[in-house]
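Here the structure comes first, spelled out in structure tokens, and everything after it is commentary.
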Amino acid sequence: MDRNKILQTIRKNKAQAAPLPKTFSTPEEEPKKLLDRFKEILQQVGGECFDVKGAENLNLFVEEHFPGAKDFRKKETWEKYPPGCGKEELSQLGAVILEAQFGVAENGAVWMDESNFPNRLVPFIAEKLVVCLDSEQICGNMHTAYSRLGNRTNGFGVFVSGPSKTADIEQNLVLGAHGAKEYFVVLF
Amino acid sequence: MTGHAHKAGQFLKNGERASWHDETLWIVRQKRDKMARAVPEWESLREQASQIKQHTLSELDNYLIQFEQQAVKNGVQVHWAANAGGFNEIVSGIIKENNARKVVKSKSMLTEECGLNPFLEKQGVEVTDTDLGERIIQFRDEPPSHIVMPAIHLKKEEISELFHEKLHTEKGNSDPAYLTAAARLHLRQKFLEAEVAITGVNFAVAETGAVVVCTNEGNADMGVHAAPVQIHCVGIEKIIPRMEDLGVFTRLLARSATGQPVTAYTSHYLAPKPGGQMHIVIVDNGRSQHLGKEDYRNALKCIRCGACMNTCPVYRKSGGHSYGSVIPGPIGSILAPHTNSKKYKDLPFASSLCGSCSNVCPVKIDIHDQLYRWRQDLSEKKIVSPGKRATMKVAGKVLSGSRMYDLSGKMARWGIKNLPRMFIYNRLNVWGKGRELPEIPKESFKQWYKKTHQGKGGKNGQE
Numbered sequence: 000m001d002r003n004k005i006l007q008t009i010r011k012n013k014a015q016a017a018p019l020p021k022t023f024s025t026p027e028e029e030p031k032k033l034l035d036r037f038k039e040i041l042q043q044v045g046g047e048c049f050d051v052k053g054a055e056n057l058n059l060f061v062e063e064h065f066p067g068a069k070d071f072r073k074k075e076t077w078e079k080y081p082p083g084c085g086k087e088e089l090s091q092l093g094a095v096i097l098e099a100q101f102g103v104a105e106n107g108a109v110w111m112d113e114s115n116f117p118n119r120l121v122p123f124i125a126e127k128l129v130v131c132l133d134s135e136q137i138c139g140n141m142h143t144a145y146s147r148l149g150n151r152t153n154g155f156g157v158f159v160s161g162p163s164k165t166a167d168i169e170q171n172l173v174l175g176a177h178g179a180k181e182y183f184v185v186l187f
Numbered sequence: 000m001t002g003h004a005h006k007a008g009q010f011l012k013n014g015e016r017a018s019w020h021d022e023t024l025w026i027v028r029q030k031r032d033k034m035a036r037a038v039p040e041w042e043s044l045r046e047q048a049s050q051i052k053q054h055t056l057s058e059l060d061n062y063l064i065q066f067e068q069q070a071v072k073n074g075v076q077v078h079w080a081a082n083a084g085g086f087n088e089i090v091s092g093i094i095k096e097n098n099a100r101k102v103v104k105s106k107s108m109l110t111e112e113c114g115l116n117p118f119l120e121k122q123g124v125e126v127t128d129t130d131l132g133e134r135i136i137q138f139r140d141e142p143p144s145h146i147v148m149p150a151i152h153l154k155k156e157e158i159s160e161l162f163h164e165k166l167h168t169e170k171g172n173s174d175p176a177y178l179t180a181a182a183r184l185h186l187r188q189k190f191l192e193a194e195v196a197i198t199g200v201n202f203a204v205a206e207t208g209a210v211v212v213c214t215n216e217g218n219a220d221m222g223v224h225a226a227p228v229q230i231h232c233v234g235i236e237k238i239i240p241r242m243e244d245l246g247v248f249t250r251l252l253a254r255s256a257t258g259q260p261v262t263a264y265t266s267h268y269l270a271p272k273p274g275g276q277m278h279i280v281i282v283d284n285g286r287s288q289h290l291g292k293e294d295y296r297n298a299l300k301c302i303r304c305g306a307c308m309n310t311c312p313v314y315r316k317s318g319g320h321s322y323g324s325v326i327p328g329p330i331g332s333i334l335a336p337h338t339n340s341k342k343y344k345d346l347p348f349a350s351s352l353c354g355s356c357s358n359v360c361p362v363k364i365d366i367h368d369q370l371y372r373w374r375q376d377l378s379e380k381k382i383v384s385p386g387k388r389a390t391m392k393v394a395g396k397v398l399s400g401s402r403m404y405d406l407s408g409k410m411a412r413w414g415i416k417n418l419p420r421m422f423i424y425n426r427l428n429v430w431g432k433g434r435e436l437p438e439i440p441k442e443s444f445k446q447w448y449k450k451t452h453q454g455k456g457g458k459n460g461q462e
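If you're matching them up, the sequences are chains Z and S in order. Heads up, the first sequence is in numbering that gives the first Met the number 0, so the first residue is 0 and it goes up one at a time. Heads up, the second sequence is in numbering that gives the first Met the number 0, so the first residue is 0 and it goes up one at a time.
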């Protein structure tokens, strides 16, 4: 009932036809510039960046730097924390390692969706979030990011840019409001 | 004398706080400027955003239907609410069906507008606002004073005192990091206990049925993914056509709001989690009526970034609570009179019409023009206060004839110089409250011009 009432009022009142503007695009920059920019902005948003320069160096680096972290790139970790697993158990997650699909240079964000974690809470409930990212998978801005995503309709996906933060007390920046207190991107 | 002016006066009584408020919001405005200038295509982005919204408002019915179809296809339950009452009933119905008692909610101005919290609380539901600023004002039982920074009117010492009482933090410890950590622990418990999570929505994409929520704290995601039932509340004007349009809006939103390149989390909810329920409630509550007012339609483009508040000299010096409307500041002043023009009659006058709000608006709403239009409309409908009406009438007479104008000028120049102070600064001179008149010149511009340009210049002073 409400549905029809709303739609009818809209039909009566809506604006004159105006065209939908064409896709907004910007010139793509060269990869090296994008990588540098990504690193720079990531620091500005409170993240820390490592560049191990090569996939062959990744696992060793991660094991050495984040000992004990739950590595969600591994099948056994997925099995340990399935979609229906208890919240209490998830809240015990200290550091987690995830793989991101691509990064965005202009804001230091990375894209992850349900194919990167077994349970949607994982990237948010962990105290420390470590994201592995292929350094060739960095696009310039959010236009290229969304054109890359297309209409992919995974149940849930997120751009993460830095650790969880708040400035609600007198505009003082505090890291770790509800989500990860520390945030790292390991480029390979 | 009027509601806003009176409450602004209360706010200004604490000069130190008022100055702090003013300066702090100006810093946010400057951060916004820095971000905007770093994007060379900023102005065309604003134009693009404005046009996308313009188009959407001209096809709103079709996009809403498309959005609904897509969402249903994704396994989402879609509800429609014509007004606040209907909305509250729908949300409370979902909570009851699930025998839920504990609800967490992330920031949503729409639920503020509809009075959802008090409605649910009356039914014995515990609603916890999970954004830190919102939790603070919920503890204080007061409304947000800013749509992005809800507790910007408070000093850390007050929050420390409040947390000491509510969360038993150390007395006198007002370190923001310490207080935030205490809130994190307290709210973590609420997230784990909650049976239903409610969020607002920044953007709803017709093409895919996605709802997008932007937060810095991660509170929307903590709530949504931890609770078995998730409810997203969206105003009809939040629809955008395509996924690619998110590229435009996510570039503008955080830069305009807080001067960040993007929020820490930009979450896209499309389908319920395995074994969970996902509901979307589409709310009208006066928006479809507003859509029919051509002169004011643009205001429906608003993406709630708050940039107009941060830049507004009146907002910065009077505080958000002085407006008395759900959404304060310039955008609130053009939205609120649509809901109740008598109650909010003074808001369009709470502006210097400097136009800064329109200049920073990421979707190019003609805010200051609409403020001016409201003044005219309210005056025509005789809704403005009697004092203001009488003044305007006199001013209209004086300013419309040159003889009357010259005479009044002479009288004023003589009067201000020679009359005792109480004749000028009294109850009737609202303007003179807190303001001093400048020194009065001996002659008018016209007299001066005649004297110095005698013989030169044509009728209008041109050669």
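Even for Gly, the Cβ is constructed at its ideal location relative to N, Cα and C.
Where residue i meets chain Z, residues with beta-carbon distance less than 9 Å
i, result
"S:THR310", "Under the 9 Å cutoff, chain Z gives no residues; its nearest Cβ is about 16 Å from S:THR310."
"S:LEU178", "ILE168, VAL173"
"S:GLU40", "PHE23, THR25"
"S:GLN50", "ALA17, PRO18, LEU19, PRO20"
Beta-carbon proximity check, residue i vs residue j, cutoff 8 Å
i, j, result
"S:VAL204", "S:ILE235", "no"
"S:ALA298", "S:ILE364", "yes"
"S:THR179", "Z:ILE168", "yes"
"S:SER144", "S:GLY305", "no"
"Z:PHE23", "S:GLN47", "yes"
"Z:ALA17", "S:SER57", "yes"
"Z:GLY93", "Z:GLU63", "no"
Residue burial classification, residue i (beta-carbon count within 10 angstroms, cutoff 16)
i, result
"Z:TYR145", "buried"
"Z:MET266", "As displayed, chain Z neither begins before 0 nor continues past 187, which places residue 266 of chain Z out of reach and without an answer."
"S:HIS3", "buried"
"S:ASP283", "buried"
"S:LEU436", "exposed"
"Z:SER114", "exposed"
"S:ILE89", "buried"
"Z:TRP110", "buried"
"S:PHE422", "exposed"
"S:GLU462", "In this prediction, S:GLU462 scores a pLDDT of 42, lower than 50, which makes its location untrustworthy; the coordinate-derived value is nonetheless stated afterwards. So S:GLU462 counts as exposed."
"S:ALA193", "buried"
"S:TRP430", "exposed"
"Z:GLY85", "exposed"
"S:PHE118", "buried"
Contact set between residue i and chain Z, taken where Cβ atoms lie within less than 7 Å
i, result
"S:ALA225", "LYS86, LEU120"
"S:ILE158", "ILE168"
"S:SER287", "ILE5, THR8, ILE9, ASN12"
"S:PRO175", "ILE168, GLU169, ASN171, VAL173"
"S:TYR477", "Outside the shown range of chain S, which is 0 to 462, sits residue 477 of chain S, and nothing can be said about it."
Residue i, DSSP secondary structure in three states
i, result
"S:GLY8", "helix"
"S:TRP373", "helix"
"S:CYS304", "coil"
"S:TRP430", "coil"
"Z:PHE183", "strand"
"S:TYR177", "helix"
"S:TYR295", "helix"
"S:ILE463", "Missing from the structure shown is residue 463 of chain S; chain S here goes from 0 to 462 and no further."
"S:TYR448", "helix"
"S:PHE118", "helix"
"S:GLY246", "helix"
"Z:LYS21", "coil"
"S:LEU191", "helix"
"S:LYS101", "strand"
"S:SER266", "strand"
"S:GLN29", "helix"
Contact set between residue i and chain S, taken where Cβ atoms lie within less than 7 Å
i, result
"Z:GLY102", "Residues of chain S passing the Cβ test: none, with the nearest at roughly 12 Å."
"Z:ARG2", "TRP79"
Close Cβ partners of residue i (< 6 Å) along its chain, the five nearest in sequence each way excluded
i, result
"S:LEU377", "LYS344, VAL383"
"Z:ALA104", "LEU33, ARG36, PHE37, ILE137, GLY139"
Cutoff 7 Å; reference residue i; Cβ partners in own chain excluding five residues on either side
i, result
"S:ASN172", "SER159"
"Z:GLY53", "PHE187"
"Z:ARG147", "PHE101, CYS138"
Within chain S, the residues that residue i reaches when beta carbons sit closer than 8 Å
i, result
"Z:LYS164", "ASN215, GLU216, ALA263"
Chain Z contact residues for residue i, given Cβ-Cβ distances below 8 Å
i, result
"S:ASP127", "Note on identity: in this sequence residue 127 of chain S is Thr, with Asp being the wrong assignment. Here the premise fails: no neighbours, minimum Cβ distance about 12 Å."
"S:MET221", "LEU120, PHE123, ILE124, HIS177, GLY178"
"S:ARG183", "GLY175, ALA176, HIS177"
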